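Residue numbering for the sequence shown is 0 to 458, as defined by numbering that gives the first Met the number 0.
Beta carbons: idealized from backbone N, C-alpha and C, even for Gly.
Note that the coordinates shown come from a computational prediction; the quantities given were computed from them, not determined experimentally.
Below is one structure, written out as structure tokens; the observations come after it.
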Amino acid sequence: MILPRPLPASASPRCAPLRSSLRLFIFTLLTGAAAAQLLPAGTRSADAPSPQDTVNAQLRAAETALENADFPAAIAALTPLAAAQPRNPHILYDLGFAQEHAGDDTAAAAAYTQAIAADSSIPEPRIALGLLDARHGRSDAAHRQLEAASTLPSASPELRARALRALATLDENAHPAAARDELLSALKLSPETPADILLSARLAEHAGDMADAEAAFRRLLVLSPTDPEATAGLAHTLSAQGKSAEAEATLDAALKSTPTDPRLVAQLAAVYGAEGKPQQAIPLIEALRSSTPAAAADPSMSRLLAHLYLLSGDASQAEALYRDLLAKTPTDPTLLDDLASTLVQEQKFPEAQALLSRAVSMRSAFPSDAAWADAAGHLAFAASRNGAPQVALQALSARATVLPNSPVTLFLEATAHDTLHQFKEAERAYHAFLAAAGGKYPDQEFQARHRLTALEHQR
Numbered sequence: 000m001i002l003p004r005p006l007p008a009s010a011s012p013r014c015a016p017l018r019s020s021l022r023l024f025i026f027t028l029l030t031g032a033a034a035a036q037l038l039p040a041g042t043r044s045a046d047a048p049s050p051q052d053t054v055n056a057q058l059r060a061a062e063t064a065l066e067n068a069d070f071p072a073a074i075a076a077l078t079p080l081a082a083a084q085p086r087n088p089h090i091l092y093d094l095g096f097a098q099e100h101a102g103d104d105t106a107a108a109a110a111y112t113q114a115i116a117a118d119s120s121i122p123e124p125r126i127a128l129g130l131l132d133a134r135h136g137r138s139d140a141a142h143r144q145l146e147a148a149s150t151l152p153s154a155s156p157e158l159r160a161r162a163l164r165a166l167a168t169l170d171e172n173a174h175p176a177a178a179r180d181e182l183l184s185a186l187k188l189s190p191e192t193p194a195d196i197l198l199s200a201r202l203a204e205h206a207g208d209m210a211d212a213e214a215a216f217r218r219l220l221v222l223s224p225t226d227p228e229a230t231a232g233l234a235h236t237l238s239a240q241g242k243s244a245e246a247e248a249t250l251d252a253a254l255k256s257t258p259t260d261p262r263l264v265a266q267l268a269a270v271y272g273a274e275g276k277p278q279q280a281i282p283l284i285e286a287l288r289s290s291t292p293a294a295a296a297d298p299s300m301s302r303l304l305a306h307l308y309l310l311s312g313d314a315s316q317a318e319a320l321y322r323d324l325l326a327k328t329p330t331d332p333t334l335l336d337d338l339a340s341t342l343v344q345e346q347k348f349p350e351a352q353a354l355l356s357r358a359v360s361m362r363s364a365f366p367s368d369a370a371w372a373d374a375a376g377h378l379a380f381a382a383s384r385n386g387a388p389q390v391a392l393q394a395l396s397a398r399a400t401v402l403p404n405s406p407v408t409l410f411l412e413a414t415a416h417d418t419l420h421q422f423k424e425a426e427r428a429y430h431a432f433l434a435a436a437g438g439k440y441p442d443q444e445f446q447a448r449h450r451l452t453a454l455e456h457q458r
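Here is the structure:
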């Protein structure tokens, strides 16, 4: 398990201001045709400022404020300009940029939207709005804006590449194949960055290609030897390939220089957990949570610790942590599954069945169909132990729409039919279980043979 990784800097709207290509715009207004259009008809007093003088002063003030990152001052200067020129995309974009950096994302989104409506061929407001939408979880809206920006003929290769990188980051989890294509397209337009290497490593992990992921993480560590995220990622891929000793050595070396880095500590604990050494992992997480308030407040740390408690046989402590996590995010079906699995260990089967029934009813909220199917299998087991064979069969039927039967599910199916006196179906399932078990489940195989003998005498 790796702690959730943040978006790379290239996907953040606050890391590399998009307005760099527009910086000459204000000076163009001061001297070009736009200024001429603002000159009033008639004459004026020689010592009275003209409307154009006022506009020029506002433009200078806005440019100075933006250059100095004084965003409240920039907003004050740009707001009357935007009101006077509501179809000027450049002023609207600069206003949105200032509002976003001042923390007013709602106003910024409105300004960016107005800029796009004024001139849909300008890429900067589309990229800015797409990144802002992505940050607020509006994935579909973000995708539309970024995809449009990536194909605009007026966009420079650098801006198109930026839009494609943001798309790749947005698609990383839900559509990793599309993300790989978007990243490759970006690399055709601009040189590779360390963030690109990190993203390529994560995409290889999503594809299950741990060897490629390992190679990418190693390449990143050549460029950034002390990068904790790259180190944690490398250790994860090594552990996934069964190279636990190498993963431990990698993390131990990194922790000597940064002993409290949460990503490294969490990854080392995860490696210990995967090796069946929860007693070595638990003190690492407990110490980090005690010394670092941010780690204590991090749900992923709490979840990892709960998992380790469960592995160590301390179900009561695991239950307490899972209940606390679920109280904060009651609609997370994977947390319902985790808590229910803990309750099964404690033989609290009625509550476990109820929680798993809730979880399985939330299929679209699972990270994948396979995760949902696993939860359905857990429901079948809890229902079987709770004396609810019909619920167990329904859960097994749901699971079978995604995952193939296993010896365990076949045995659960057989015993559920047997309990319901559906003896023909029970015999078929017992035989299927014995064919699949191959001597790996001696107690259950003995029970299956015993029941088959009994069922033959009942014919």
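Excluding the 5 residues preceding and the 5 following L454 in the sequence, name in chain order all residues of the same chain whose CB lies nearer than 6 Å to its CB.
F422, E426
G312 burial status per 10 Å Cβ neighbour count (16 or more: buried)
exposed
C-alpha distance - A133 paired with A140, whole-angstrom precision
Cα to Cα, A133 sits roughly 8 Å from A140.
Near M209, which residues of its chain fall below 6 Å by C-beta distance, leaving aside the five closest residues on each side in sequence?
T236, A239, Q240
Please report how far the alpha carbon of H142 lies from the alpha carbon of R159, in whole angstroms.
14 Å
Distance, S149 Cα to M361 Cα:
C-alpha separation (whole angstroms): 35 Å.
Closest by CA to T259, which one among P227, Q279, Y271, A273?
P227
Please classify Q352: is it buried, with 16 or more other beta-carbons within 10 angstroms of its beta-carbon, or exposed?
Taking all protein chains shown into account, Q352 has 16 or more neighbouring C-beta atoms within 10 Å of its C-beta and is therefore buried.
For L409, I'd like the list of residues in its chain whose CB is within less than 7 Å of its CB, leaving aside the five on either flank, ordered along the chain.
A428, A431, F432, A435
To which residues of the same chain is R218 closer than 6 Å at the C-beta, ignoring the five residues directly before and after it?
I196
My guess is that A56 and A64 are in contact by the Cβ rule of under 8 Å, so how many angstroms apart are they, rounded?
Actually they do not touch by this definition, with Cβ atoms about 12 Å apart.
Can you tell me whether F445 is buried or exposed, with buried defined as 16 or more other CB within 10 angstroms of its CB?
Exposed, because fewer than 16 other Cβ atoms sit within 10 Å of the Cβ of F445.
Coil, strand or helix - E99 by DSSP
E99 falls in the helix class under three-state DSSP.
Note down, one range per segment and in chain order, each alpha helix (DSSP H) of at least 4 residues found wholly within the stretch 345 to 422.
348 to 359, 368 to 384, 388 to 398, 406 to 418
Restricting to Cα atoms, I'd like to know which of L355, E123, R137 is closest to R161.
Ranking L355, E123, R137 by Cα distance to R161 puts E123 first.
Nearest-angstrom beta carbon gap, L355 and D336 [assumed within contact, 8 Å]
7 Å
Inspect the beta-carbon positions of A415 and P388 and report whether they are closer than 8 Å.
In this structure, P388 lies closer than 8 Å to A415 by Cβ.
Jot down the residue ranges of each uninterrupted alpha helix (DSSP H) in the stretch 147 to 189, minimum 4 residues, whole runs only, in chain order.
156 to 170, 175 to 186
State the DSSP-derived secondary structure class of Q240, mapped to helix, strand or coil.
coil
With a cut-off of 8 Å on the beta carbons, I'd call L267 and L283 a contact; round off their distance for me.
6 Å
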